[in-house]
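Colleague:
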Amino acid sequence: MTERPAPSSRSRSRAKSRTESSSISLERAVLAATLDPVVVIDAWGVIQSASDSIERVFGWKPSDLTGRNVSMLMPQPHRGAHNGYLERYRRTGQTTILNRARQFEAVRRDGELFPIELCVSRADVPGRDSPLFVGIIRDLGERKRFEQELGLVQTLTRLIGEARTLSEAMHETLREIIQATGWDYGEVWLHAGAADGGTDTAVVRGACWPRTGRRFAAMRAGASRLTARTHSGLVGRSWSAAESVWFDDLPKLSPRVFLRHHEATAAGLKAAAAIPIRCEDQTEALLLFFLRRSRRDDHRLLSLVTAAVAPLGQLIRRRNAEDALARHHDQLEQLVEERTAQLEKSRAQLHMADRMASIGTLAAGLGHDMNNVLLPVRARLNALRHSDPALPAAARHHLEGIQRSIAYLQQLADGLHYLALDPEREDATESATDLADWWRDVGVLIGKAAPKQVRLTAALRGDLPEVGVPAHGLTQAVLNLVVNAGEAIASMPQRRIGRIRLEAEPVERDGRSWVRLSVIDNGPGMSEEVRRRAFEMFFTTKPRGLGTGLGLSLVRKVVDAAGGVVEIESEKGRGTKVSMLLPIAARASSANGDAGGGRTAFVELTDGRAASLVRHFIESSGMTVVEPHACGGADCWLIEPLPGALNRVRSWRSARPRGRVVLWGAPSPRERSGWKSLGAITITRPDDLDDVRAALAEAASDR
552 MTERPAPSSR SRSRAKSRTE SSSISLERAV LAATLDPVVV IDAWGVIQSA SDSIERVFGW
612 KPSDLTGRNV SMLMPQPHRG AHNGYLERYR RTGQTTILNR ARQFEAVRRD GELFPIELCV
672 SRADVPGRDS PLFVGIIRDL GERKRFEQEL GLVQTLTRLI GEARTLSEAM HETLREIIQA
732 TGWDYGEVWL HAGAADGGTD TAVVRGACWP RTGRRFAAMR AGASRLTART HSGLVGRSWS
792 AAESVWFDDL PKLSPRVFLR HHEATAAGLK AAAAIPIRCE DQTEALLLFF LRRSRRDDHR
852 LLSLVTAAVA PLGQLIRRRN AEDALARHHD QLEQLVEERT AQLEKSRAQL HMADRMASIG
912 TLAAGLGHDM NNVLLPVRAR LNALRHSDPA LPAAARHHLE GIQRSIAYLQ QLADGLHYLA
972 LDPEREDATE SATDLADWWR DVGVLIGKAA PKQVRLTAAL RGDLPEVGVP AHGLTQAVLN
1032 LVVNAGEAIA SMPQRRIGRI RLEAEPVERD GRSWVRLSVI DNGPGMSEEV RRRAFEMFFT
1092 TKPRGLGTGL GLSLVRKVVD AAGGVVEIES EKGRGTKVSM LLPIAARASS ANGDAGGGRT
1152 AFVELTDGRA ASLVRHFIES SGMTVVEPHA CGGADCWLIE PLPGALNRVR SWRSARPRGR
1212 VVLWGAPSPR ERSGWKSLGA ITITRPDDLD DVRAALAEAA SDR
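To convert, count from 1 in the sequence shown and add 551; that's the numbering used here.
#1: Measure the alpha-carbon distance for phenylalanine 609 versus glycine 773 and round it to whole angstroms.
#2: Let me know the secondary structure DSSP gives leucine 810 once reduced to three states.
#3: Could you pull the start and end residues of the alpha helix (DSSP H) that leucine 1156 belongs to?
#4: Compute the Euclidean distance between the alpha carbons of glutamate 1059 and alanine 1010, then round it to the nearest angstrom.
#5: Using alpha carbons as the reference points, say which of Val1018, Ile1040, Thr984 and Leu725 lies closest to alanine 1000.
#6: Could you tell me which residues DSSP pairs with isoleucine 592 in its beta bridges?
#7: Quick one: any contact between the region 1186-1198 and the region 1206-1225, if contact means 3 or more CB pairs under 8 Å?
#8: Are the beta-carbon atoms belonging to serine 672 and leucine 707 less than 8 Å from one another?
#9: Please work out which residues of its chain come closer than 7 Å, Cβ to Cβ, to alanine 1196, disregarding the five sequence neighbours upstream and downstream, and give them in chain order.
#10: Assuming proline 984 and proline 1021 form a contact by the criterion Cβ under 8 Å, report the distance between their Cβ atoms to the nearest whole angstrom.
#11: So arginine 613 is in the alpha helix (DSSP H); what residue range does that whole segment cover?
#12: Among Asp849, Glu1087, Leu637 and Thr816, which one has its Cα closest to the Cα of serine 795?
#13: Let's test the definition: count the other Cβ atoms within 10 Å of the Cβ of glutamate 1080 and tell me whether it reaches 16, buried, or not, exposed.
#14: Does DSSP put methionine 770 in a helix, a strand or coil?
#15: How is the beta strand (DSSP E) around lysine 1128 delimited, first residue to last?
#16: Can you tell me whether isoleucine 1234 is helix, strand or coil according to DSSP?
#17: Should alanine 944 be labelled buried (16 or more other beta-carbon atoms within 10 Å of its own) or exposed?
#18: Identify, in the order they occur along the chain, each residue of the same chain with its Cβ nearer than 8 Å to the Cβ of alanine 878, setting aside the five sequence neighbours on each side.
#19: Tell me the rounded alpha-carbon separation between valine 658 and isoleucine 667.
#20: DSSP has tryptophan 1215 in a bridge; who is on the other side?
#21: Between the alpha carbons of arginine 679 and glutamate 656, how many angstroms are there, rounded?
#22: Starting from the C-beta of alanine 714, find all residues in its chain whose C-beta is less than 7 Å away, skip the five residues before and the five after it, and write them out in chain order.
#23: Assuming contact is defined by CB atoms lying nearer than 8 Å, are alanine 1028 and valine 1109 in contact in what I supplied?
#24: Taking buried to mean at least 16 other C-beta atoms within 10 Å of its own C-beta, is valine 887 buried or exposed?
#25: Alpha carbon to alpha carbon, how far is arginine 1107 from leucine 1007? Give it in angstroms, no decimals.
#26: DSSP state of glutamine 954, grouped into three classes?
#27: According to the neighbour-count rule (16 or more other Cβ atoms, all chains shown, within 10 Å of its Cβ), is proline 1290 buried or exposed?
#28: Closest to glycine 496 by CA distance: which of Ala946, Ala836, Tyr736 and Trp790 is it?
#29: Under the rule that 16 or more other beta-carbon atoms within 10 Å means buried, what is alanine 815, buried or exposed?
#30: Assign glycine 1076 to one of three DSSP states: helix, strand, or coil.
#31: Could you tell me the alpha carbon to alpha carbon distance between aspartate 799 and leucine 837, rounded to whole angstroms?
#32: Report the rounded CA-to-CA distance for leucine 1030 versus glycine 1114, giving the unit in angstroms.
#33: Of all the alpha helix (DSSP H) runs that stay within the bounds of the region 621-664, which reach a length of 4 or more residues?
#34: Under the rule that 16 or more other beta-carbon atoms within 10 Å means buried, what is aspartate 1241, buried or exposed?
#35: Could you tell me the alpha carbon to alpha carbon distance between aspartate 992 and proline 1220, rounded to whole angstroms?
#36: Pick from Ile598, Pro628, Arg630 and Asp1111: whose alpha carbon is nearest that of glycine 618?
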């Protein structure tokens, strides 16, 4: 057996060199293959080696770090304190960092801070007097960003879901993002429909944060006045871009591109971020944030916010639809309430109209029945007075007292008759009313409408021209004015002597002659608002049930129908004056004239009480009523259009060609032309005293 010679020292050296070289190659291969950065330092913190992945995470090449202190990868305060940590470990052998994972912040070559997870272990290398420390670094930036995105998405989703309106949801979204990013001012821009006739979309500001404060007041005000258009301006371009846009230098933007350039400059805003929120390839909202200075982390935050708000597009679209439905529901509810209120008001108005119609029917019935009773009484009193010239003085005194009472009752009956007539009759402009005569007929009735503590006086001159207003319409108008004035005076808290004065005077206006009839009171007066609305139908300041709101409206209708004007002069605490400017009548009434001139009339009516009434009116007009045996020589024949009456009147007219015919009621359509050929004067409403008087006055006048 042959023994092998022992290796020489040279061969041993070569073998050792190959082993060390192999170890170095292995170390380099391992360091090059690690995904997470690995840094090896000595006991004094000097970097001995680093993996290739250090460049991807930190931005440094491994060769740049070898021989330098590891503290260069740390931010303050750890950078300044790290050597002290190592010195204490060398002295005491105690540390809290070995063999456990700890989270810190590290600093990249460009100065950016980012979160890491650090695991440090000790390596005792044979032949070395001091240990080495191996640090494995895991970049937590991506994970942190994901966690931040997820947290922000969850927070924003919750806020939008809990918000009562989309506007509130957008305010909360801005507030949360500004708190998370540290940006200064934010706005939400929302779709507002198609722009004027073009393909662009109108975009308006929907919310902003902060909502108050002086610094961004001009920005808020400018946005509230601005309607942006897609594809133009900073807002419109960002809306159409469909991706987030960062504006580094706002002051350099043209004012035509950024319309609020001046406001942003005044607020010290230097940069902006525009983030569209989209759903199904459509932009639902645009988040616009402004900053007073750009920061190194802003682009990362822009990416974070962009990712966080991306899922909100569908949510915003749904809230938009829900808000639109809620608005529509509210509008329907409001419409139902308004319609219900209108129906209630209409029901009350119909009830009031029905009540007024009932009162009118009652007044008409009372007036008619009183006339039926009074006229025969008056006729018999007249006959009694003229039948015996030697009537004792005492009896004549009693007779005159009875006649005065009957005259008073007749005035009330005439007034009721006026009140019962429709004030809007079509013949208003053809009427002629003598104010003095009218007041003698209705003064008593209107005086009863004033409260006891109110004194009513009238100053109506006898030489005033007749006015073109029917007496019944004038009665109702003045009665309403007197009632209003009396109630206004009675409502005053302090006791005072109330006064209502009726005045009439001729005036000239606009080249025409008028009569101004005024009702003046010393009541509380009207405010400007009440005076402005006084003529509105159903407007009243009286408590419910005490006022209809129809009085002044009726006054205006009566005066308007006559072609006149109503004016109100009133001031709080100074009383009220309501003036009716009435046109002069086109023809003078001759009902009270002495046109009869000895003419005679024959009355042929089946209703005896109506016949007595007509005889009284005929005698008042100056004609003499003849008996049936003398009817052939009468100048006027008042007759009902009964069957056979037309032929009888034709025979009479053949003997009296200038004789006048007055019909008590409208004839049948078949005989209408025959009566018209005779020039018959028709009393279409025998229950209307004005019609009766006017027809008899026309018959009494010469042709």
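C-beta atoms are modelled at their ideal positions from N, C-alpha and C, and glycine is treated no differently.
All figures in this text were calculated on a predicted structure; none of them were measured in a lab.
Modeller: Based on what the coordinates show:
#1: Locating residue 609 in the sequence shown gives position 58, where the first residue counts as 1. Locating residue 773 in the sequence shown gives position 222, where the first residue counts as 1. Those two C-alpha atoms are separated by around 44 Å.
#2: Locating residue 810 in the sequence shown gives position 259, counting from the first residue. When secondary structure is reduced to three states using DSSP, leucine 810 falls in the coil class, being assigned neither helix nor strand.
#3: Within the sequence shown, numbered from 1, the residue matching residue 1156 stands at position 605. For leucine 1156, there is no enclosing alpha helix (DSSP H), since its DSSP letter is neither H nor E.
#4: Along the sequence shown, one-based indexing puts residue 1059 at 508. Along the sequence shown, one-based indexing puts residue 1010 at 459. C-alpha of glutamate 1059 to C-alpha of alanine 1010: approximately 19 Å in a straight line.
#5: If you number the sequence shown from 1, residue 1000 lands on position 449. Considering only alpha carbons, the answer is Ile1040.
#6: For the purposes of this step, residue 592 is taken as residue 41 along the sequence shown, with counting starting at 1. Answer by DSSP bridge pairing, in chain order: Ile598 and Phe684.
#7: By the C-beta criterion, the region 1186-1198 is judged to be in contact with the region 1206-1225, since at least 3 inter-stretch pairs fall below 8 Å.
#8: On the sequence shown, residue 672 is found 121 positions in, with the first residue counted as 1. On the sequence shown, residue 707 is found 156 positions in, with the first residue counted as 1. Against a cut-off of 8 Å, the Cβ pair of leucine 707 and serine 672 comes out as no contact.
#9: In the sequence shown, the residue the question calls residue 1196 occupies position 645. Taking alanine 1196 as the centre and dropping the five residues before and after it, the same chain places the C-beta of Ile1190 closer than 7 Å to its C-beta, in chain order.
#10: Taking the sequence shown and counting its residues from 1, one reaches residue 984 at position 433. Taking the sequence shown and counting its residues from 1, one reaches residue 1021 at position 470. It is threonine, not proline, that sits at residue 984 in the sequence shown. For threonine 984 against proline 1021, the beta-carbon gap comes to about 7 Å, under 8 Å, which counts as contact.
#11: Stepping through the sequence shown from its first residue, residue 613 is reached at position 62. Reading off the sequence shown, one finds proline at residue 613, where the question assumed arginine. Where proline 613 is concerned, the enclosing alpha helix (DSSP H) stretches over 613-616.
#12: For this step, residue 795 is matched to residue 244 along the sequence shown. Closest by alpha carbon: Asp849.
#13: What you label residue 1080 is simply residue 529 of the sequence shown in a count that begins at 1. Exposed, since its Cβ has fewer than 16 Cβ neighbours within 10 Å.
#14: Indexing the sequence shown from 1 puts residue 770 at position 219. DSSP places methionine 770 in helix when its eight states are reduced to three.
#15: By one-based count along the sequence shown, residue 1128 stands at place 577. Its beta strand (DSSP E) spans residues 1127-1134.
#16: Within the sequence shown, numbered from 1, the residue matching residue 1234 stands at position 683. It is a strand residue.
#17: Looking up residue 944 in the sequence shown gives position 393. Exposed is the call here.
#18: In the sequence shown, counting from the first residue as 1, residue 878 sits at position 327. According to the sequence shown, residue 878 is arginine rather than alanine. Within its own chain, no residue has a Cβ closer than 8 Å to the Cβ of arginine 878 once the five positions on either side in sequence are excluded.
#19: Here the question's residue 658 lines up with position 107 in the sequence shown. Here the question's residue 667 lines up with position 116 in the sequence shown. In a straight line, the C-alpha of valine 658 is about 10 Å away from that of isoleucine 667.
#20: Taking the first residue of the sequence shown as position 1, residue 1215 is located at position 664. In DSSP, tryptophan 1215 forms a bridge with Ile1234.
#21: Here the question's residue 679 lines up with position 128 in the sequence shown. Here the question's residue 656 lines up with position 105 in the sequence shown. In a straight line, the C-alpha of arginine 679 is about 31 Å away from that of glutamate 656.
#22: Position 163 of the sequence shown, counted from the start, is the residue given in the question as residue 714. Only Ala720 and Glu723 meet the Cβ criterion.
#23: In the sequence shown, counting from the first residue as 1, residue 1028 sits at position 477. In the sequence shown, counting from the first residue as 1, residue 1109 sits at position 558. Yes, the pair counts as a contact, with Cβ atoms nearer than the cut-off.
#24: Numbered from 1 along the sequence shown, position 336 holds the residue referred to as residue 887. Exposed, by the Cβ-count rule.
#25: Against the sequence shown, residue 1007 aligns to sequence position 456. Against the sequence shown, residue 1107 aligns to sequence position 556. Rounded to whole angstroms, leucine 1007 to arginine 1107 spans 22 Å at the Cα level.
#26: Residue numbering aside, residue 954 sits at position 403 when the sequence shown is read from its first letter. Correct three-state label for glutamine 954: helix.
#27: Outside the shown range of the chain (552 to 1254) lies residue 1290, about which nothing can therefore be said.
#28: In the structure displayed, the chain extends from 552 to 1254; residue 496 sits before or after that span and is not available.
#29: The residue you call residue 815 lines up with position 264 of the sequence shown. Buried, because 16 or more other Cβ atoms sit within 10 Å of the Cβ of alanine 815.
#30: Taking the sequence shown and counting its residues from 1, the one referred to as residue 1076 is at position 525. Glycine 1076: coil per DSSP, three-state reduction.
#31: On the sequence shown, position 248 is the one that residue 799 refers to. On the sequence shown, position 286 is the one that residue 837 refers to. Looking at the two C-alpha atoms, the distance is approximately 18 Å.
#32: Translated into the one-based positions of the sequence shown, residue 1030 becomes position 479. Translated into the one-based positions of the sequence shown, residue 1114 becomes position 563. In this structure, the CA atom of leucine 1030 is about 20 Å from the CA atom of glycine 1114.
#33: Listed in chain order, they are 629-643.
#34: Residue numbering aside, residue 1241 sits at position 690 when the sequence shown is read from its first letter. By the 10 Å Cβ count, aspartate 1241 comes out buried.
#35: As a first step, residue 992 must be located in the sequence shown, where it is residue number 441. As a first step, residue 1220 must be located in the sequence shown, where it is residue number 669. Straight-line measurement puts the Cα of proline 1220 at about 36 Å from the Cα of aspartate 992.
#36: For the purposes of this step, residue 618 is taken as residue 67 along the sequence shown, with counting starting at 1. If we check each option's Cα against that of glycine 618, Ile598 comes out closest.
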